[in-house]
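Here is the structure we will look at.
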Amino acid sequence: MARGDGPLLAPSRVLRASAPDAPVIAHVPHAGTRIAADARATILLDDIALTREQLVMTDWHTDRLFDWVTRRGATAIVFEPSRLVLDPERFLDPAAEPMERVGQGVVYTHTHDGRPLRRPDGALRARWIETLYRPHHALLAQLVTERLDRFDRCLVLDCHSFGSHPLPSEADQAPDRPDVCVGTDDWHTPPTLADALETALRGEGFRVRRDSPFAGALVPLDRYRTDPRVTAVMLEVRRGLYCDETTGTLRPDWPDVAAAIERACVAAGLPFTMAANTPPMTGGPSAAIEPGTANIPPMASDSPSGEVPPILDR
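As structure tokens, this is what we get:
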């Protein structure tokens, strides 16, 4: 990855439902690792440093952790470029985007620990907004509109993961992080939905917090705080639960974590469907994670030891 990939013809990948359609769009913004050659040329880090930066900044395998949603009738949209190229979950207006203060607005200029990532370049920023940000958000808006036209409602499920230890660039520096964070928007997230999700996730043995260490839930800007038919909730999963944070590789038991999240979302009443030929979810709460923390893997060490392996080619 550090050398730079070939050109990316489209910024987003859409995964259509394999079950009868449900009024749900799953948004996966930070699983991508693609860095095209022209984008690599703007990055000031050497290959080893870039590999380390991608390792801590990527929401590894969240496209796989949440791929069950298509079996449940949802459509998923996955942003393919690395967030080190462009972050599709940032506000375009620098004054409205709090991460601009640490150089991590829509186009990052600094790393997670404050080192220069690329030189500020207004023309470059404008070009990537037009070629990456706007097409992705236009497609997301289109998918949501399709659901509204068909069902007169749509839930946007914002799918993320986070590191077991706070990064220096993150606002919440509390060391005791939950297993799952439920992010809400006070206009688009019904309290009953957030309550039900928290209860169901705890029933699966997860330690859960609301809006901590991250808050909010993505809504297409053309519907933001104007269309009450669009609801939204964010699920952030601690990466140490399902992958090795020192390498980015999946843990052998990651399907158990994905199944527990699926069960919780269904139990919470999220408007999914299931095709007749879809295999049932296996096990109960103890099949994935024991209540409490008995089966929850420990947090990764503060920093990887030894040489960091190359970023996986997804």
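The sequence shown finishes on residue 438 if you use the numbering used here, and the numbering steps up by one all the way, no holes.
C-beta: ideal position from N, C-alpha, C; glycine also.
Fair warning: this is a prediction, and the values are worked out from it, not measured in the lab.
- Per DSSP, the beta-bridge partners of P205 are R158.
- In the three-state reduction of the DSSP assignment, P212 falls in the coil class.
- R176 and V361 have their C-alpha atoms spaced approximately 21 angstroms apart.
- A residue is called buried when at least 16 other Cβ atoms come within 10 angstroms of its Cβ; I172 does not meet this threshold and is exposed.
- Between the segment 335-346 and the segment 154-164, the count of Cβ pairs shorter than 8 angstroms is below three; the stretches do not touch.
- Straight across, the Cα-Cα distance linking E328 with T166 is about 44 angstroms.
- By the criterion of a C-beta distance shorter than 8 angstroms, L241 is surrounded in its chain by I167, L168, L169, E177, L208, G227, Y232, T233, H234 and T235, once the five residues flanking it on both sides are discounted.
- The criterion of a C-beta distance shorter than 8 angstroms is not satisfied by F286 and G307.
- In the DSSP annotation of this structure, the continuous segment of the alpha helix (DSSP H) that includes A383 starts and ends at W378 to A391.
- According to the DSSP assignment, L272 belongs to the alpha helix (DSSP H) that extends over R258 to F275.
- Annotation for D145: G197 place their beta carbon closer than 6 angstroms to its own, counting only its chain and skipping 5 residues before and after.
- When secondary structure is reduced to three states using DSSP, V138 falls in the strand class.
- With three or more CB-CB distances shorter than 8 angstroms, the segment 254-263 counts as touching the segment 133-152.
- At least 8 angstroms separates the beta-carbon of D183 from that of H312.
- Per the DSSP secondary-structure output, S285 pairs in a beta bridge with V361.
- A distance below 8 angstroms separates the beta carbons of P395 and L279.
- Between D296 and S336, the alpha-carbon positions lie close to 8 angstroms from each other.
- Following the DSSP letters along the chain, one finds G246 inside the alpha helix (DSSP H) bounded by residues G246 to W252.
- Looking from the CA of G238, the closest CA among L291, P314, I201 and P315 belongs to L291.
- Between C305 and R333, the gap from beta carbon to beta carbon is short of 8 angstroms.
- G246 has its alpha-carbon roughly 31 angstroms from the corresponding atom of A150.
- Cβ-Cβ separation between T194 and A141: approximately 5 angstroms, consistent with a contact (criterion under 8 angstroms).
- F190 places its beta carbon 8 angstroms or farther from that of V148.
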